[in-house]
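Before any comments, here is the structure.
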Amino acid sequence: MFAYVMRRLLMLIPVLFGMTLITFSIVHLIPGNPAKVILGEGAPAQAIADLEERMGLNEPLYVQYGNYIMGLLQGDLGTSLKSKGEIAQEIWPHLAATMELTFFAMLFAVIIGVNAGIISAWKQNSWFDFLAMVFALIGVSMPVFWLALMEQWIFAQELGWLPAYGRQDSRDPIAEITGFYVLDSLIHLDFERTITILKHLVLPSIALGTIPMAIIARMTRSSMLEVMKSDYIRTVRAKGGGQFLVIYKHALKNATIPVLTVIGLQTGVLLGGAILTETIFSWPGIGRYVYEAISFRDYPVIQSGILVIAFMFVIINLIVDILYKKIDPRIKY
Amino acid sequence: MKLKSSWLLMLLVSFVLFLAACSGDGGQKSDEGASDETESTEESTEESSEEAEESASGEKVLVFARGGDSESLDPGSTTDGESSRVTKQILEGLLEFDKESFELKPALAKDWEVSDDGLTYTFYLEEGVTFHDGTPFNAEAVKINFERWADPEHEYAFADDGFVYSMYGTMFGGYKGDEGHVIEEINVINDYEIEFKLSQPLGFFLQNLGMSYFAITSPAALEEYGPDISEHPVGTGPFKFVSWTKNDSIVLEKFEDYRVEGLPKLDKVIFQVIPDPSARLIALRSGEVDIMDDLNPDDAAVVEGEDGLTLLTRAENNFGYVGMNTEKPPLDKKEVRQAIRYAIDKQAIADALYAGYATTSKNPLPPVYLGYNDDVEDYEYNPEKAKELLAEAGLADGFDIELVMSPTSRPYMPDPQTVAEIVQNNLAEIGVNVTISSHEWAPYLELTQNGETELFILGWSGTNGDPDYFLSSLLHSSNKGSSNYTYYENPEVDELLDRAKRAVDQDERADLYSQAQEIINDDSPMATLVHSTPVLAISDNVINYVPHPSTSESLAEVDLAN
Numbered sequence: 001m002f003a004y005v006m007r008r009l010l011m012l013i014p015v016l017f018g019m020t021l022i023t024f025s026i027v028h029l030i031p032g033n034p035a036k037v038i039l040g041e042g043a044p045a046q047a048i049a050d051l052e053e054r055m056g057l058n059e060p061l062y063v064q065y066g067n068y069i070m071g072l073l074q075g076d077l078g079t080s081l082k083s084k085g086e087i088a089q090e091i092w093p094h095l096a097a098t099m100e101l102t103f104f105a106m107l108f109a110v111i112i113g114v115n116a117g118i119i120s121a122w123k124q125n126s127w128f129d130f131l132a133m134v135f136a137l138i139g140v141s142m143p144v145f146w147l148a149l150m151e152q153w154i155f156a157q158e159l160g161w162l163p164a165y166g167r168q169d170s171r172d173p174i175a176e177i178t179g180f181y182v183l184d185s186l187i188h189l190d191f192e193r194t195i196t197i198l199k200h201l202v203l204p205s206i207a208l209g210t211i212p213m214a215i216i217a218r219m220t221r222s223s224m225l226e227v228m229k230s231d232y233i234r235t236v237r238a239k240g241g242g243q244f245l246v247i248y249k250h251a252l253k254n255a256t257i258p259v260l261t262v263i264g265l266q267t268g269v270l271l272g273g274a275i276l277t278e279t280i281f282s283w284p285g286i287g288r289y290v291y292e293a294i295s296f297r298d299y300p301v302i303q304s305g306i307l308v309i310a311f312m313f314v315i316i317n318l319i320v321d322i323l324y325k326k327i328d329p330r331i332k333y
Numbered sequence: 001m002k003l004k005s006s007w008l009l010m011l012l013v014s015f016v017l018f019l020a021a022c023s024g025d026g027g028q029k030s031d032e033g034a035s036d037e038t039e040s041t042e043e044s045t046e047e048s049s050e051e052a053e054e055s056a057s058g059e060k061v062l063v064f065a066r067g068g069d070s071e072s073l074d075p076g077s078t079t080d081g082e083s084s085r086v087t088k089q090i091l092e093g094l095l096e097f098d099k100e101s102f103e104l105k106p107a108l109a110k111d112w113e114v115s116d117d118g119l120t121y122t123f124y125l126e127e128g129v130t131f132h133d134g135t136p137f138n139a140e141a142v143k144i145n146f147e148r149w150a151d152p153e154h155e156y157a158f159a160d161d162g163f164v165y166s167m168y169g170t171m172f173g174g175y176k177g178d179e180g181h182v183i184e185e186i187n188v189i190n191d192y193e194i195e196f197k198l199s200q201p202l203g204f205f206l207q208n209l210g211m212s213y214f215a216i217t218s219p220a221a222l223e224e225y226g227p228d229i230s231e232h233p234v235g236t237g238p239f240k241f242v243s244w245t246k247n248d249s250i251v252l253e254k255f256e257d258y259r260v261e262g263l264p265k266l267d268k269v270i271f272q273v274i275p276d277p278s279a280r281l282i283a284l285r286s287g288e289v290d291i292m293d294d295l296n297p298d299d300a301a302v303v304e305g306e307d308g309l310t311l312l313t314r315a316e317n318n319f320g321y322v323g324m325n326t327e328k329p330p331l332d333k334k335e336v337r338q339a340i341r342y343a344i345d346k347q348a349i350a351d352a353l354y355a356g357y358a359t360t361s362k363n364p365l366p367p368v369y370l371g372y373n374d375d376v377e378d379y380e381y382n383p384e385k386a387k388e389l390l391a392e393a394g395l396a397d398g399f400d401i402e403l404v405m406s407p408t409s410r411p412y413m414p415d416p417q418t419v420a421e422i423v424q425n426n427l428a429e430i431g432v433n434v435t436i437s438s439h440e441w442a443p444y445l446e447l448t449q450n451g452e453t454e455l456f457i458l459g460w461s462g463t464n465g466d467p468d469y470f471l472s473s474l475l476h477s478s479n480k481g482s483s484n485y486t487y488y489e490n491p492e493v494d495e496l497l498d499r500a501k502r503a504v505d506q507d508e509r510a511d512l513y514s515q516a517q518e519i520i521n522d523d524s525p526m527a528t529l530v531h532s533t534p535v536l537a538i539s540d541n542v543i544n545y546v547p548h549p550s551t552s553e554s555l556a557e558v559d560l561a562n
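Protein chains in written order, with UniProt numbering: chain G, 1 to 333; chain S, 1 to 562.
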């Protein structure tokens, strides 16, 4: 197992290297340059040329790429052309914000999705099954931004139950420690703040988690149905095992592998930047960070941002693969 | 995987979340009183916003919601409006603009003198003023700031860190050593007297000093922070910088030793980013923010009639236009350009897209500006006349042409796509066949600058209240390839604009600009469309908030009702 994990981690290197090459090429092939965007409509041509020179945009591409890789190897993700700040420092709060949101969105998606899928399979073709699958279909078809706006309108504006935007109350910002506000508020022992932060998480988590929930529900259902037809389940039933035991202990365990795959992939997708949800809820996540960098042609941020996201995705897949082995000892690496 | 226990864990967590989500009372009411969700079950707007404004010590906290984050908090090195909006509270310049116009008032300079030849400006500075870090404000500080902007080799210019002072270059004719650079010498006479010697007169020199870009930073802070000054601004303004969470919020707090007694009224100001305009309005209605900028004109009517909210407008300070590349046939013929102007129905555009918050434009200059020529003949919608002119030019059968645009919403044009379509329809009626080509903003700027266009849609917003910024930037031949996108060249206009720039007598300048507009109106390098009136909304609890046409207004006098 250890050897397997080590091998996988080593494989990360060529994958990431390939990613930097692809991202760098694409980013530099797009027309438009950051000097013009920074200086704005009214800038004299000379100022733009000077800025291009200072930004190193006139160096041959391979030199720019080489500099970037050298920096990466030293842990330097580069400097933002727009804010002139170090990307390694800037990106962390954005990443933490996205990770926190993704965690709660997936928590929602998994709890509701898996349970709905199990019950649907158990009570196959019942009303519950039918309704659950219809909702899943609606969930997967609904545009995220529309769902987000509707949630805001109903729960924040009309009912006033939940906050409309952000990770916390603007008027009372938290003193950050880790960047994960739920954790930070617990460390401060400020439990009222924890409740506030959790309230801010509710609407965006539901908006973001609805599509994964629908997918997970459907996948769980179909996987369970298949498992429940198998011989060993018949054996457990024959031995007198109660329905509940059968379903949750035996069947679920065996049905989990495809569901776990889906959960892993969905988590990666969410981490990749829930740009729409982040925009509607003003969530300062990595999706918005990279998206705005694209509009601005902030090349270093685009490159490093995409790299970080790819890295997270690969790590999650690795975790999923390790979990496979835990669930199904038959799997050999 | 121990299924039973993990299942129980999931149940427990979902139970906790359920509690958090549905609890109307939010558990104990927070000491700080800031969580307005605790007022949930009742009518949210009024009560919750009142509760929310005060935190534990009865502090007055104002939340200002805007659509994008600031780029930098170093005023000289950015041109971005969201940056100026914030730096205006932290740093001050020698002069400042009046509350609702571009009239000049004293700020850090309490008085000034201009020599008759317009080459020497002497400023008498306020005494006893300190920066937020406690160091004294004096003439030496002013000199260091101006030199920092003019000279890339200056120790505080941070040129190697990518700092470019483009506003300085544009407004003062270039940088140290450039031919057009007007500031020759800056002399410190004593701690509170400073003299600027110019190489040539500049009619809008004083106007420039009112701009937020030329605010004075503490030299001690420049020394301490170096290039990080863009994230640690230190000035003499009513509010001090506290913290900046990127893409989220900037927190400022009251500067106790501000030079004006009794100000600021607020204890804290928070600039919050809420990118989506609908979400911003919802946040305003729920009381989570107190002021929101960039209201969609379509929402203006609703907000006007709404209890608890007030609609505000900014004075017109921009214009939108259809540009015509005067170097590309058939646009090189005056008659063709005039025909296009007659063919476009400006009023329809103003009515359709701005929900009434726009007026049609006949000059490339907002009506309140110095020298605005109201006597020029307007090109009112007249397709017949347009066809006549085309025939005169030998193009009675019409022609094909490309219109480029970027769908990015701009202050002078919230919906360029629809404007393009209206123009396309209008021109079709006179036999001109328009193909629309859409581009992303950044490459669009390049295209238009390089003159790779025929018809295009753009606009211009004012910064210092002076006509030169509009007319010279857009129509002086020396700006072909930078801001003169129509590649317009008329030596008569160039001369008038140059003379107006160097004249110091404002009446003389007004007359020269008037004459220039006559010629420009005849030459018609652009079909001017509208001046837009930006709208914004505030909660009724906000007192003394006056929006400025430049989009950066001081919040020193703003207060919150309780």
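Ideal placement from N, C-alpha and C gives every residue a C-beta, glycine not left out. Quick caveat, the model's predicted, so the values are computed rather than measured.
Identify the continuous beta strand (DSSP E) that holds residue i and give its terminal residues.
i              : result
Ser550(S)      : From DSSP, Ser550(S) is part of no beta strand (DSSP E); its letter is neither H nor E.
Trp244(S)      : 239 to 245
Asp294(S)      : 291 to 295
Leu312(S)      : 309 to 313
Thr120(S)      : 120 to 125
residue 566(S) : Absent from the model: residue 566(S). The displayed extent of chain S is 1 to 562, so no value can be given.
Gln272(S)      : 268 to 273
Asn541(S)      : No beta strand (DSSP E) holds Asn541(S); DSSP gives it neither H nor E.
Can you look up residue i in the DSSP assignment and give me helix, strand or coil?
i         : result
Met312(G) : helix
Trp283(G) : coil
Gln64(G)  : helix
Ser249(S) : strand
Leu403(S) : strand
Glu71(S)  : coil
Gln168(G) : coil
Leu209(S) : helix
Ala393(S) : coil
Glu53(S)  : Unreliable positioning characterises Glu53(S) in this predicted model, as indicated by a pLDDT of 44, which lies under 50. A coordinate reading is not provided.
In this structure, what does DSSP give as the bridge partners for residue i?
i         : result
Tyr321(S) : Leu458(S), Thr528(S)
Gly106(S) : Checking the sequence shown, residue 106(S) turns out to be Pro, not Gly. According to DSSP, which records beta bridges pairwise, Pro106(S) is partnered with Leu95(S).
Ile215(G) : Looking at the DSSP assignment, Ile215(G) forms no beta bridge with any residue, so it has no partner.
Glu306(S) : According to DSSP, Glu306(S) bridges with nothing at all.
Expressed to the nearest angstrom, what Euclidean distance is found between the alpha-carbon atoms of residue i and residue j?
i         : j         : result
Leu445(S) : Leu474(S) : 14 Å
Ser141(G) : Phe135(G) : 10 Å
Leu396(S) : Asn247(S) : The amino acid at residue 396(S) is misidentified as Leu; the sequence shows Ala. Whole-angstrom Cα-Cα distance: 54 Å.
Ile48(G)  : Ala516(S) : 29 Å
Thr448(S) : Ser406(S) : 11 Å
Glu59(S)  : Phe155(G) : 28 Å
Glu92(S)  : Ser212(S) : 7 Å
Ala310(G) : Met19(G)  : 8 Å
Leu318(G) : Ile257(G) : 14 Å
Leu119(S) : Phe241(S) : 37 Å
Residue i lies in the alpha helix (DSSP H); which residues open and close that run?
i         : result
Arg85(S)  : 81 to 90
Ile111(G) : 87 to 122
Thr435(S) : Taken as a continuous stretch (DSSP letters only), Thr435(S) belongs to no alpha helix (DSSP H), being part of the beta strand (DSSP E) at 432 to 438.
Thr20(G)  : 2 to 29
Phe145(G) : 144 to 151
Phe470(S) : 467 to 475
Should residue i be flagged as near chain A, meaning a C-beta pair shorter than 8 Å?
i         : result
Thr245(S) : In the displayed structure, chain A is absent; the protein chains listed are G and S.
The segment 135 to 145 of chain S in contact with the segment 187 to 197 of chain S per 3-pair CB rule at 8 Å | Short answer: they touch.
Segment contact flag, the segment 170 to 187 of chain S with the segment 126 to 133 of chain S, C-beta cutoff 8 Å, min 3 pairs | Contact fails: fewer than three Cβ-Cβ distances are below 8 Å.
Inspect the CB distances between the segment 249 to 259 of chain S and the segment 494 to 501 of chain S and report whether three or more fall short of 8 Å.
-> For the pair of segments examined, the segment 249 to 259 of chain S was found not to touch the segment 494 to 501 of chain S: the number of CB pairs separated by less than 8 Å stays below three.
Does the segment 340 to 349 of chain S touch the segment 369 to 388 of chain S, meaning 3 or more C-beta pairs lie closer than 8 Å?
-> yes
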